[in-house]
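J.: Residue numbers (this note's numbering), protein chains in the order written: chain A, 1 to 192; chain B, 1 to 192. Beta carbons: idealized from backbone N, C-alpha and C, even for Gly. Below: one structure in structure tokens.
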DNA sequence: CGCGGGTTTGATGATGCTCAAGCCCGGTGG
DNA sequence: CCACCGGGCTTGAGCATCATCAAACCCGCG
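Given below as structure tokens:
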């Protein structure tokens, strides 16, 4: 199972067998049920999670009670609340599972220690973070420049797996529109 | 002048005098005039820039010719097109100066080499990237959850310097609204 | 002085939201 | 097996936010 994880890392850096073993000793595997929380608003985020299987989401609840999804994470993706984990301030975000999932968890301070023991991992995490930054930038660009229908089409093209497996309600909240409006957008689309 | 730069780095890691010297040898200082481009759409992004003084912007032009600003960078900030620099694909973004500015430039491949020579810098760049990621996440959240007026108020609270020195047109394009609508928002605000 | 860019204003229109109702469908209990 | 929920999706009417377009204004600068 953790082969997924090693493969992900070894796309960027090389690790010896001992290093792999050491690496793995810093993580704990966890099964997490549907709707179970990994992080709740108000708590300080302590962990980063690598998804082995299943699907998690990171979202924020505004003052009117509406959810806004920042990120989905399916197999082979990292998820955490970056703001809370680096500042160690209470989180404004929630992370939970959309379906039964299996994840690898590492504590921030253990990660720091691990990075001292296997310095090449700095490179791995830098690259992962850079690519996360690049992706969220292009998502922001889309939100600034495209109407909802185009954003929906792009999401379907880029992440068909997510659109299939996630309820429309959640997709709407990711796109920044109401479920009702998404429904109307979809109606428009099938007409053509 | 480059003291700003060293201070920024030494908030996170420690460098010896020789390392500082080596570090600096990888950068070139550049003065850049108002409206001058650091990166033009279609080019592959080769450099990252650290702003010593002045103000740059990174923006994208949509199919209707409208500009959407992804990021401002004032003194003490990094700016680059992360997507293009990591994929080495042609950029969809432009970076230019809003006023005469002085910057430190480093080529991506030189940065890679530098990181091999001074591995602690991996940590510095990882932290900077993490914090960039955290900031853009919270900006995306704002865009998803708040109306234009609130976003404007937040921007004024968080970055008064930017709101002061940047023309309203640019602020509007950062907020994701038209200059006309920003003007109306401001009118509303002074009334109270 | 006049030009030109940035800003303002107003009328009109599109995009997307709110609220309320109805539908579809899988699950649950009788 | 059926009846009855309950959650997710759809539909429609009316409304808020924000865009478009055109005109006017302001002001620094050649």
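By a C-beta neighbour count over all protein chains shown, 10 Å radius and 16 as the cutoff for buried, is residue 76/A buried or exposed?
T.: Locating residue 76/A in the first chain gives position 76, where the first residue counts as 1. Looking at its Cβ environment, which holds fewer than 16 other Cβ atoms inside 10 Å, residue 76/A is exposed.
J.: Looking only at its own chain, which residues have a Cβ that is under 8 Å from the Cβ of residue 40/B, when we skip the five neighbours before and after it?
T.: By one-based count along the second chain, residue 40/B stands at place 40. So the list reads 91, 94, once near-sequence residues are dropped.
J.: Can you tell me the Cα-Cα spacing of residue 102/B and residue 79/B, whole angstroms?
T.: Along the second chain, read from residue 1 onward, the residue named residue 102/B stands at position 102. Along the second chain, read from residue 1 onward, the residue named residue 79/B stands at position 79. Spanning the two alpha carbons is a distance of roughly 13 Å.
J.: Using a 10 Å radius around the Cβ and a threshold of 16 neighbouring Cβ atoms, would you call residue 14/A buried or exposed?
T.: Position 14 of the first chain, counting from 1, holds the residue named residue 14/A. It is exposed - the Cβ of residue 14/A has fewer than 16 other Cβ atoms within 10 Å.
J.: Anyone know if the C-beta pair for residue 176/B and residue 144/A falls short of 9 Å?
T.: As a position in the second chain, residue 176/B is number 176, starting the count at 1. As a position in the first chain, residue 144/A is number 144, starting the count at 1. Against a cut-off of 9 Å, the Cβ pair of residue 144/A and residue 176/B comes out as a contact.
J.: Kindly identify the DSSP beta-bridge partner or partners of residue 71/B.
T.: In the second chain, the residue the question calls residue 71/B occupies position 71. Note: residue 71/B sits in a beta bridge opposite 58/B.
J.: Roughly how many angstroms separate the alpha carbons of residue 62/B and residue 172/B, rounded to a whole number?
T.: As a first step, residue 62/B must be located in the second chain, where it is residue number 62. As a first step, residue 172/B must be located in the second chain, where it is residue number 172. Their backbone Cα atoms lie some 15 Å apart in a straight line.
J.: Taking the C-alpha atoms as reference points, what is the distance between residue 193/A and residue 169/A?
T.: In this structure chain A extends from 1 to 192, so residue 193/A is not present and cannot be described.
J.: Residue 57/B CB to nearest chain A CB: under 9 Å?
T.: Taking the first residue of the second chain as 1, we reach residue 57/B at position 57. So, not an interface residue.
J.: Which value, in whole angstroms, describes the spacing of the CA atoms of residue 187/A and residue 148/A?
T.: Start at 1 with the first residue of the first chain, and residue 187/A comes out as number 187. Start at 1 with the first residue of the first chain, and residue 148/A comes out as number 148. Cα to Cα, the separation comes out at about 13 Å.
J.: Do we get a CB-CB distance below 9 Å when we pair residue 134/B with the residues of chain A?
T.: For the purposes of this step, residue 134/B is identified with residue 134 of the second chain, where counting begins at 1. Taking Cβ atoms only, chain A reaches closer than 9 Å to residue 134/B, which makes this a yes.
J.: Straight-line CA distance for residue 2/A to residue 82/B?
T.: Translated into positions along the first chain, residue 2/A becomes position 2. Translated into positions along the second chain, residue 82/B becomes position 82. Their Cα atoms are separated by approximately 29 Å.
J.: On the DSSP letters alone, give me the boundaries of the beta strand (DSSP E) that residue 96/B sits inside.
T.: As a position in the second chain, residue 96/B is number 96, starting the count at 1. Looking at the DSSP string, the run of the beta strand (DSSP E) that includes residue 96/B is 93-97.
J.: Return the chain-ordered list of same chain residues with a C-beta closer than 8 Å to the C-beta of residue 112/B, the five sequence neighbours on each side being excluded.
T.: On the second chain, residue 112/B is found 112 positions in, with the first residue counted as 1. Result list for residue 112/B: empty, nothing under 8 Å.
J.: Going by DSSP, name the residue or residues bridged to residue 47/B.
T.: Here residue 47/B corresponds to residue number 47 of the second chain, with the count starting at 1. Answer by DSSP bridge pairing, in chain order: 107/B.
J.: So, does the CB of residue 87/B fall closer than 9 Å to a CB anywhere in chain A?
T.: As a working mapping, residue 87/B is identified with position 87 in the second chain. For residue 87/B, the answer is yes, since a Cβ of chain A falls inside 9 Å of its Cβ.
J.: Find the residues of chain B that neighbour residue 82/A, judging by a C-beta separation of less than 7 Å, and give them in chain order.
T.: Against the first chain, residue 82/A aligns to sequence position 82. The answer, in chain order, is 130, 133, 134, 137.
J.: Along the alpha helix (DSSP H) that carries residue 9/A, what are the first and last residues, could you check?
T.: Start at 1 with the first residue of the first chain, and residue 9/A comes out as number 9. From DSSP, the alpha helix (DSSP H) with residue 9/A extends over 3-10.
J.: Determine, using beta carbons only, whether residue 86/B and residue 127/A come nearer to each other than 9 Å.
T.: As a working mapping, residue 86/B is identified with position 86 in the second chain. As a working mapping, residue 127/A is identified with position 127 in the first chain. For residue 86/B and residue 127/A, yes; Cβs fall inside 9 Å.
J.: For residue 70/B, count neighbouring C-beta atoms within 10 Å of its own C-beta (all shown protein chains included) and say buried if the count is 16 or more, exposed if not.
T.: Numbered from 1 along the second chain, position 70 holds the residue referred to as residue 70/B. Label assigned to residue 70/B: buried.
J.: Which chain B residues are close to residue 198/A, counting only those with a beta carbon under 9 Å from its beta carbon?
T.: In the structure displayed, chain A extends from 1 to 192; residue 198/A sits before or after that span and is not available.
J.: To the nearest whole angstrom, what separates the beta carbons of residue 174/B and residue 106/B, a pair I think is in contact under 8 Å?
T.: Here residue 174/B is taken as the residue at index 174 of the second chain, counted from 1. Here residue 106/B is taken as the residue at index 106 of the second chain, counted from 1. Contact flag wrong, Cβ pair sits at about 26 Å.
J.: Residues bridged to residue 37/A by DSSP?
T.: Looking up residue 37/A in the first chain gives position 37. Residue 37/A is bridged to 96/A.
J.: Quick one: Cα of residue 23/A to Cα of residue 109/A, how far?
T.: For this step, residue 23/A is matched to residue 23 along the first chain. For this step, residue 109/A is matched to residue 109 along the first chain. In a straight line, the C-alpha of residue 23/A is about 14 Å away from that of residue 109/A.
J.: Among the residues of its own chain, which have a CB less than 8 Å from the CB of residue 161/A, if the five just before and after it don't count?
T.: Here residue 161/A is taken as the residue at index 161 of the first chain, counted from 1. The answer, listed in chain order, is 74.
J.: Could you check what DSSP says for residue 183/A in three-state terms: helix, strand or coil?
T.: Locating residue 183/A in the first chain gives position 183, where the first residue counts as 1. Reduced to three states, the DSSP call for residue 183/A is helix.
J.: Of the residues 34/B, 12/B, 47/B, which one's Cα is nearest the Cα of residue 28/B?
T.: By 1-based counting over the second chain, the position of residue 28/B is 28. For the residues 34/B, 12/B, 47/B, the minimum Cα distance to residue 28/B belongs to 47/B.
J.: Just verifying my parser: in three-state terms, what is the DSSP assignment at residue 90/A?
T.: Against the first chain, residue 90/A aligns to sequence position 90. Of the three classes helix, strand and coil, the one that applies to residue 90/A here is strand, per DSSP.
J.: Beta-carbon separation of residue 52/A and residue 97/A under 9 Å?
T.: In the first chain, the residue the question calls residue 52/A occupies position 52. In the first chain, the residue the question calls residue 97/A occupies position 97. No, Cβ-Cβ distance for residue 52/A and residue 97/A is not below 9 Å.
J.: Note down, in chain order, each residue of its chain lying with its Cβ closer than 6 Å to the Cβ of residue 146/B, except the 5 sequence neighbours on either side.
T.: Locating residue 146/B in the second chain gives position 146, where the first residue counts as 1. Same-chain partners within the cutoff: there are none.
J.: What three-state label does DSSP hand residue 29/B in the structure shown?
T.: Taking the second chain and counting its residues from 1, one reaches residue 29/B at position 29. Residue 29/B falls in the strand class under three-state DSSP.
J.: Name, in chain order, the residues that DSSP records as bridge partners for residue 101/A.
T.: Walking along the first chain from the start, residue 101/A turns up at place 101. Answer by DSSP bridge pairing, in chain order: 32/A.
J.: Which residues, in order along the region 63-74 of chain A, keep a beta-carbon less than 9 Å from a beta-carbon of chain B?
T.: The region 63-74 of chain A vs chain B, Cβ under 9 Å: 63, 64, 66, 68, 69, 70, 71.
J.: So, is the C-beta of residue 90/B closer than 9 Å to a C-beta in chain A?
T.: For the purposes of this step, residue 90/B is taken as residue 90 along the second chain, with counting starting at 1. No, its Cβ sits nowhere closer than 9 Å to a Cβ of chain A.
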